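Residues 3 to 146 in the working numbering are what the sequence shown lists, from first letter to last. Ideal placement from N, C-alpha and C gives every residue a C-beta, glycine not left out. Keep in mind it's a predicted model, so treat the numbers as computed, not measured. Okay, so here's the structure we're looking at.
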Amino acid sequence: MKGNAMQTVEQWMTHNPITIEESASIIEAIHLLKEKDIRRLPVTCKGKFCGLITDRMIKEYAPGKSTPLDTWEVHYVLSKATVRDAMNPTPYTIQPDAPLCQAAQLVHDKKLYGLCVTDKNGDLVGLLTTTNFMEALIAICSMS
Numbered sequence: 003m004k005g006n007a008m009q010t011v012e013q014w015m016t017h018n019p020i021t022i023e024e025s026a027s028i029i030e031a032i033h034l035l036k037e038k039d040i041r042r043l044p045v046t047c048k049g050k051f052c053g054l055i056t057d058r059m060i061k062e063y064a065p066g067k068s069t070p071l072d073t074w075e076v077h078y079v080l081s082k083a084t085v086r087d088a089m090n091p092t093p094y095t096i097q098p099d100a101p102l103c104q105a106a107q108l109v110h111d112k113k114l115y116g117l118c119v120t121d122k123n124g125d126l127v128g129l130l131t132t133t134n135f136m137e138a139l140i141a142i143c144s145m146s
């Protein structure tokens with residue numbers, strides 16, 4: 003158990019998340035998301051955290067089914083587009099020592115699916131996702 007003391011973001015976040023460089027292609031991001039079975043990738047610019055790309059952002063960026071492009075043409079377009087083209091350059095962040103309930107309130111109020119966790123210097127240290135919140139809720143409920 004994680005204890006009855008105030009729960010913090012750091013206790014529940016995913017440490018050292020998988021990242022992708024902003025210059026990578028959208029196709030590379032799609033493959034990495036599928037391969038690792040994840041829904042979000044923090045983006046780095048020369049190794050420094052600079053944004054977020056998610057499976058939803060990619061779906062919104064990609065040509066839809068109503069496009070006259072065939073599968074190969076869509077693949078070509080996405081292989082030429084970079085993560086930078088589709089990412090959110092200003093994702094919501096929270097610090098690891100923040101109370102878990104503060105993070106939950108932010109996710110609720112902004113209708114988010116997760117938060118990037120950054121230290122005081124703005125360096126990425128983790129991700130806090132809805133899956134992490136559910137793990138915390140399950141553990142807290144089972145303590146009662």
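Where residue 123 sits in the DSSP three-state scheme: Residue state, collapsed to three classes: coil.
In angstroms with no decimal places, state the Cα-to-Cα distance between residue 135 and residue 33. If I take the Cα positions, the gap works out to 26 Å.
Opposite residue 96 in the DSSP bridges: which residues? Under DSSP, residue 96 takes part in a beta bridge, and its partners are 119.
Three-state secondary structure (DSSP) of residue 18: Three-state result, residue 18: coil.
Who are the Cβ neighbours of residue 5 in its own chain at under 6 Å, not counting the five residues just before and after it? Caution applies to residue 5, whose pLDDT of 49 falls short of 50 and renders its modelled position unreliable; the value that the coordinates give is listed next. Taken in chain order, the list of residues that qualify is empty.
Spell out the partners DSSP gives residue 47 in its beta bridges. Answer by DSSP bridge pairing, in chain order: 50.
Residue 54 and residue 103: beta carbons closer than 9 Å? Contact annotation: residue 54 and residue 103 have beta-carbon atoms that are not nearer than 9 Å.
If you run the structure through DSSP and keep just helix, strand and coil, what is residue 114? Residue 114: coil per DSSP, three-state reduction.
By Cβ distance, which residues of its chain are closer than 8 Å to residue 81, with the 5 residues on each side in sequence left out? The residues are 27, 28, 29.
So, residue 11 versus residue 70, is the Cβ gap smaller than 9 Å? Taking 9 Å as the Cβ cut-off, residue 11 and residue 70 do not qualify as a contacting pair.
Under DSSP, the alpha helix (DSSP H) around residue 90 begins and ends at which residues? Counted as a single uninterrupted DSSP element, the stretch harbouring residue 90 is not any alpha helix (DSSP H), since DSSP gives it neither H nor E.
Can you tell me whether residue 1 is helix, strand or coil according to DSSP? The question about residue 1 has no answer, for the chain in this structure spans 3 to 146.
Give me, in chain order, the residues of the same chain whose beta-carbon lies closer than 8 Å to that of residue 16; leave out the 5 immediate sequence neighbours on both sides. Excluding sequence positions up to five before and after residue 16, its CB lies within less than 8 Å of the CB of 128, 129, 130, 131, 134, all in the same chain and listed in chain order.
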